Amino acid sequence: MSTQVRTWTEYCGAEGEPSRWDLSINDRPVPGGYIEKTAEGFEIHYPHLPLKKLTTLEEAKRSLELAPPISTAGLKVGRIADEDSDLISSAEAGEILGVSRFRVNAMVASGVLPGRRDNGKILVDRAAAEQKAAQGLPEGPQGKFANLFLFYAPAGERTQYVAELEADDADSIERARAFAQEVMEDESEDAVEVRDYLRMRNFLRRHENEFEFARSVFGDLVEERARRASLRIPETEA
């Protein structure tokens, strides 16, 4: 495998977002390769390697400098373009869309745009890029990163429930918000909230050793709350 030169770009997100350093190899961003600052130190993320936490940024960078080289399979393509597609570079697609090639690569990785890999480069379906440009790019996250999460934490219990809500499923999101409002108006001390992808991800990471998180569907949360409510009825009547 050819030499892989690794460089870092500090990501400046919205206020309140954790600091992050994105990894590039030979000037190409590596989807899923980055360092994130947490309350405990620095987390390193790298394709096919388990999550690791280190004390300083220098240690984290050095750890990834020594990590094994990745093949082109490490550069993720969320949705494969058809073989007969007219493929263009991510830079060309960026010109069509009016965004950087880095954002195009992220859109390909999350499946927003179909693409393919060719000798380590990301190629994009020209027609899909033109169609997306005609529709206009929405502000904020796209693909799976636009999904919401219903978080339900029964008072006094270690197990907490998380249900993912598809961003385009307006009915489920509306029912989830109604459920959250109903819980907040109840006299119990249960916690509930509808959260975006980033807030939910960061919360899970911060509290992974404190609670057990049950990945659920919306119906499971409704049933769990009903079960707990039925257990409180005798106490109320007494």
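Take the sequence shown: its letter number 216 is residue 216 in UniProt numbering, and every next letter is one higher. Even for Gly, the Cβ is constructed at its ideal location relative to N, Cα and C. From a predicted model like this one, the values you see are computed outputs, not experimental measurements.
Check                                                                                        : Outcome
Exposure of D22, with buried meaning 16 or more beta-carbon neighbours within 10 Å           : buried
G74, DSSP secondary structure in three states                                                : Only weak support exists for where G74 lies, its pLDDT of 40 falling under 50; the value from the coordinates is given anyway. Reduced to three states, the DSSP call for G74 is helix.
Integer-rounded CB distance, given that A180 should sit under 8 Å from A167                  : Actually they are not in contact, since the Cβ atoms of A167 and A180 sit about 17 Å apart, beyond 8 Å.
Simplified DSSP assignment, three categories, for L23                                        : strand
Three CB pairs or more closer than 8 Å across the stretch 195–206 and the stretch 123–137    : no
Exposure label - residue 251; buried when at least 16 CB within 10 Å                         : Since the displayed the chain opens at 1 and closes at 238, residue 251 lies outside it and no answer follows.
Close beta carbons around E237, own chain, < 6 Å, minus the five adjacent residues each side : With a pLDDT of only 45 at E237, under 50, the local geometry of the prediction cannot be trusted, and the value read off the model is given with reservation. Correct list: empty, nothing qualifies.
Given F42 as reference, the closest of D84, I122, K61, Y11 once Cα atoms are compared        : K61
When A106, R195, I80 are compared against D125, the one with the closest alpha-carbon        : I80
Beta-carbon proximity list for A106, same chain, < 6 Å, skipping 5 on both sides             : none
Between the CA atoms of S85 and R117 - distance to the nearest angstrom                      : 13 Å
Nearest to P114 (by Cα), restricted to the options G78, D220, S90                            : G78
Per DSSP, cross-strand counterpart(s) of residue 239                                         : Coverage of the chain is limited to positions 1 through 238, which leaves residue 239 absent and any answer about it impossible.
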